[in-house]
Amino acid sequence: HLRSSEQLVENLWDFHRTGQTHNFERRTLSLYLLPTASAVFSQNYVQAALAILYMPLRQSLAPLDRDDEFIAYAMRFQWGRGAPDFHPRVRRFCSLEWSEASNNVEDTLDHIYGRKANAGGGGRIPSLPEHMAASFIGLYRRVIQELEAQMNMTPPPAPISAIQAEISDLQQKIDTLEAFRASLQNHGR
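Quick look at the structure:
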């Protein structure tokens with residue numbers, strides 16, 4: 006195994022010399038001795054992953070990446086897109102530095118809980134519920150535009166009263182979400 010401080014000369018990275026079977030294999034594991042987690046950490050990770058998979062409230066999380074309304078409207082109006090993926094993610098980084106990992110986790114938490122603007126120049130970050138509410142408001146407004154375009158067609162579709170009722174229902178949803186979003190404006194970490 007090579008240490009990261011060793012100089013690489015004489016074509017030592019050639020896949021044959023590193024024990025790889027072909028040139029597309031990753032060399033990292035054969036070149037560097039990486040720290041391994043203890044069995045306890047590995048087992049805790051497996052338990053956490055299984056707890057998520059078998060969580061009784063898992064279906065309640067469906068709007069985070071496969072909301073029925075986004076999918077149904079995309080199919081109905083042939084938008085070609087499904088539901089957005091709202092799952093918060095830790096930004097990709099490549100480091101073994103604890104402080105860098107901690108900063109990335111804090112940034113992810115800011116995107117979940119929101120962050121208030123601070124005097125140090127840090128801008129306000131909307132929370133996940135605010136972001137989702139804004140996305141649903143955008144969806145409903147786009148559907149209303151589609152329905153209004155249908156009503157303005159020549160000849161107009163037969164069930165205009167049904168379209169008007171749907172627009173009214175969507176507008177009520179928008180109003181409710183706008184009020185919800187406004188209630189979150191002063192929340193955050």
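Numbers in the numbering used here are just positions in the sequence shown, counted from 1, shifted up by 5.
Built from N, CA and C at the ideal position, the CB exists for glycine as well.
Query: Start and end residues, alpha helix (DSSP H) containing Arg81; Result: 73 to 81
Query: Given Gly128 as reference, the closest of Met137, Pro134, Asp112 once Cα atoms are compared; Result: Asp112
Query: At least 3 beta-carbon pairs within less than 8 Å: the stretch 152 to 172 vs the stretch 97 to 105; Result: no
Query: Straight-line gap, Phe94 to Glu151 (C-alpha atoms, nearest Å); Result: The question names Phe, but residue 94 is Arg in the sequence shown. Approximately 33 Å, taken between the alpha carbons.
Query: Short Cβ contact (8 Å threshold) for Asn109 with Phe98; Result: yes
Query: Beta-carbon proximity check, Pro89 vs Ser166, cutoff 8 Å; Result: no
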